[in-house]
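Trainee:
Numbering (the working numbering), first residue to last: 5 to 210.
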């Protein structure tokens, strides 16, 4: 990461990064793509979520893949665009992007659940950490066929991967914050998992 800017000058940069990251992260690609494809409002299908997993329930795998890439891409773009102003500004932009995805003002603060955007952030900040989290998701999803469980375990492992691949305390803390937000947004999924009612990948969600 670039050297941090002077603390005495960082306030406006941090605020600008937070706002800019939020606006970028709040673009609801899943909703926009499904509407452009003539599928209507994705929030009326399946779980009502705007993320790639729910888009997949429309039967349009291409749209789901595009949603996944764009939701991850907006997280990566936020931190890469802020990179010239130092790691503090970069991480603030990343938090803004995740917050925008989770709580977009345009959708009455009801957005996605954050995994794709979080992975995009991690891949842009430290690609080994992001790849390890992606591999964990694929492994769990392949074995247990439960997207939410794969998400929870992969993002929970991200701080451990950040510590293992270099031990950067700032990145480790950032990954832990991402994990906390993603787990918070999955509270309903956690409740269904504990009851044994969480649907498997490919089946209709409650």
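No residue lacks a Cβ here, since even glycine has one placed at the ideal position from N, Cα and C.
None of these values were measured; they are calculated from a predicted model.
Would DSSP call residue 181 helix, strand or coil?
Mentor: helix
Trainee: Ordered along the chain, which non-local residues of its own chain (more than five positions away) have a Cβ less than 6 Å from that of residue 222?
Mentor: In this structure the chain extends from 5 to 210, so residue 222 is not present and cannot be described.
Trainee: So is residue 75 buried or exposed if we call it buried at 16+ other beta carbons inside 10 Å?
Mentor: buried
Trainee: Residues in the same chain with beta-carbon distance under 6 Å from residue 196, minus the five sequence neighbours each way, listed in chain order, please.
Mentor: 202
Trainee: So what does DSSP say about residue 6, is it helix, strand or coil?
Mentor: Since pLDDT at residue 6 reaches only 46, below the 50 mark, its modelled position is unreliable, and the value read off the structure follows with that caveat. It is coil, neither helix nor strand.
Trainee: For residue 18, which residues of its own chain have a beta-carbon under 7 Å away from its beta-carbon, when the five flanking residues on both sides are left out?
Mentor: Excluding residues up to 5 positions away in sequence, 92, 93 and 96 lie with their Cβ nearer than 7 Å to the Cβ of residue 18 in the same chain.
Trainee: Kindly provide the ranges of any alpha helix (DSSP H) runs that are 4 or more residues long and lie completely inside the region 64 to 132, ordered along the chain.
Mentor: 65 to 85, 91 to 106 and 119 to 129
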